[in-house]
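Each remark here refers to the structure printed beneath this line.
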Amino acid sequence: MNNPNALLHRRDVVNELLRDRADLLVIAGLGAPNWDVSAAGDHPNNFPLWGAMGGASMIGLGLALAQPKRKVLVVTGDGEMLMNIGSLASIAVEVPKNLTIAVLDNERFGETGMQKTPTASGVDLAAIATACGIRTSRIVRTMAEVTELRDLAHEGRGTAFAQIKINPEALVFVMPPADGVILTSRFRQSVLGDEALFN
Amino acid sequence: MAEAAKSRGEAPAALPTWPDEIYHVLKDAGIRQVAMVPDAGHSRLIRSFEADPETRVVTLTTEEEGVAMLAGAWLGGERGVLLLQSSGVGNCINMLSLPVICHMPLLMIVTMRGDWGEFNPWQIPMGQGTRPSLEAMGVIVNKVDEPHLVASAVQGAAHLAFNTWKPVAVLLGQRVLGAKNFKELARK
């Protein structure tokens, strides 16, 4: 951490993004971002994905539009974001105030053997988001910038996008429940109340 | 098509009423989010939703985005509908895992190509593959080929989707929509 050029550690980043999370709603993309969010603590307001690659940010959009008073944070990986990069165009048209997309960019497909993704060759996701029209869009390299992003996500003053450059480290898996029905039902019950169980 | 009919001395067909009927059916079903990649067959319905301050119409770059978006809507307590063309069904396949494994409702209204009266051979593979690919993923499929049955098909599909948390697709056949023929237009 003393070396300003050192890459951030993904679990430090996610722990900071979720610090004092209050009623923040969190979508986690499949693979390591799911394990990172789960390592920060299992929570009914998490919707961690075990599949549906490419869908995390659009799940975030649908949720943000449905719950305009709640803050929605999508934590996903560079490979997952790239799979449906066009989502940034769809989201940029809607720009809900309460949506933040944090891409943990290790420049690798981590689950499949650490093969390089296009960001390893310089593909700039933050610039793509900016070009789509998401004005609060940045590359994050320091914990101070992660804290700023955390505050943006919790304040919800406009759609925000961040490409967070992280160390390509392989960490122990910390898994949430895998049953999609449990994840869906407890999330809906937490957000919508017990009524959600009856319809 | 109306022009072509006129030039052959036929009376132009009356405007179909089913787009307005399904707009009201979908409103009654509580639809608040409309995710779509446009199709000519859906244009009247899309205009109705765009004019409706209670619904949010989101244009997608690819149809699978809509499957994910409507899962998010459901997590947040809102109901949505995905409007797409049959070719777009192919773009959705893996993303359909999400509503299937999570027992989430998904209502899809699919306008068919590569079906009755098709002129474009490139539309055939996905058009003919639409129903089997949806069914292979666990989506309940109901195809409609008569205009007067469209509204009840959509109503039944909405009930099925939102009361039993299933992905359900209504396929609107080209007998309902009218088959395009760009070749005919090109000759004029």
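Residue numbers (my numbering), protein chains in the order written: chain H, 494 to 692; chain Y, 9 to 196. Beta carbons are placed, not taken as given, at the ideal position from N, Cα and C, and that holds for glycine.
Grouping DSSP H, G and I as helix and E and B as strand, with all else coil, what is residue 687 of chain H?
Here residue 687 of chain H sits in helix by DSSP.
By the three-class DSSP mapping on this structure, what secondary structure does residue 75 of chain Y have?
In this structure, residue 75 of chain Y counts as helix in the three-state DSSP scheme.
Can you list, in chain order, the residues of the segment 68-82 of chain Y whose Cβ is nearer than 9 Å to any Cβ on chain H?
Correct list: 68, 69, 70, 72, 73, 74, 75, 76, 77, 78, 79, 80, 81 and 82.
List the whole-angstrom C-beta distance separating residue 553 of chain H from residue 592 of chain H, where the pair is believed to meet the contact cut-off of C-beta under 8 Å.
Rounded, the Cβ-Cβ distance is 6 Å, consistent with contact.
Secondary structure at residue 653 of chain H, three-state DSSP: helix, strand or coil?
Residue state, collapsed to three classes: strand.
Take residue 45 of chain Y as the anchor and find which of Y:28, Y:67 and Y:169 has the nearest alpha-carbon.
Among Y:28, Y:67 and Y:169, the Cα nearest to that of residue 45 of chain Y is on Y:67.
Look at the alpha carbon of residue 163 of chain Y and the alpha carbon of residue 643 of chain H, and state the distance between them as a whole number of angstroms.
Going by the C-alpha atoms only, they are around 43 Å apart.
Decide yes or no for the touch test of the segment 609-617 of chain H against the segment 94-105 of chain Y: beta carbon pairs closer than 8 Å, at least 3 of them.
No, the segment 609-617 of chain H does not touch the segment 94-105 of chain Y.
In three-state terms, what does DSSP make of residue 171 of chain Y?
Correct three-state label for residue 171 of chain Y: helix.
Which whole-angstrom value describes the C-beta separation of residue 183 of chain Y and residue 153 of chain Y, a residue pair presumed to lie in contact below a C-beta threshold of 8 Å?
Indeed they touch by this definition, with Cβ atoms about 4 Å apart.
Within 9 Å of any Cβ in chain H, is that where the Cβ of residue 37 of chain Y sits?
Chain H, which has no Cβ nearer than 9 Å to the Cβ of residue 37 of chain Y, makes this no.
Measuring CB atoms only, is the segment 139-150 of chain Y touching the segment 186-196 of chain Y, in the sense that at least three cross pairs come out at less than 8 Å?
The answer is no - the segment 186-196 of chain Y does not touch the segment 139-150 of chain Y, with fewer than three Cβ pairs under 8 Å.
According to DSSP, is residue 693 of chain H part of a helix, a strand, or is it coil?
Since the displayed chain H opens at 494 and closes at 692, residue 693 of chain H lies outside it and no answer follows.
Which value, in whole angstroms, describes the spacing of the CA atoms of residue 13 of chain Y and residue 22 of chain Y?
Bear in mind that the predicted position of residue 13 of chain Y carries a pLDDT of just 48, short of 50, making it too unreliable to give a figure here.
Output needed in chain order: residues of the segment 522-536 of chain H with a Cβ under 8 Å from some Cβ in chain Y.
The residues in question: there are none.
Does the segment 566-578 of chain H come within contact of the segment 591-605 of chain H, defined as at least 3 CB pairs closer than 8 Å?
With a cut-off of 8 Å, the segment 591-605 of chain H and the segment 566-578 of chain H count as touching, because enough Cβ pairs lie within range.
If we cut at 9 Å on Cβ distances, does residue 58 of chain Y have a partner in chain H?
Not an interface residue.
Verify the CB distance criterion: does residue 66 of chain Y have a CB-CB separation below 9 Å to chain H?
So, interface residue.
Of the residues that make up the segment 90-116 of chain Y, which ones have a beta carbon closer than 8 Å to any beta carbon in chain H?
Cβ contacts with chain H come from 102, 103, 105, 106, 109, 110, 111 and 112.
Return yes when at least one heavy atom of the ligand ZN lies under 8 Å from the C-beta of residue 143 of chain Y, else no.
Within the structure as shown, the ligand ZN is missing, as the structure has no ligands at all.
Any idea if residue 501 of chain H is buried or exposed, counting beta-carbon neighbours within 10 angstroms, 16 or more meaning buried?
Residue 501 of chain H is buried by the Cβ-count criterion.
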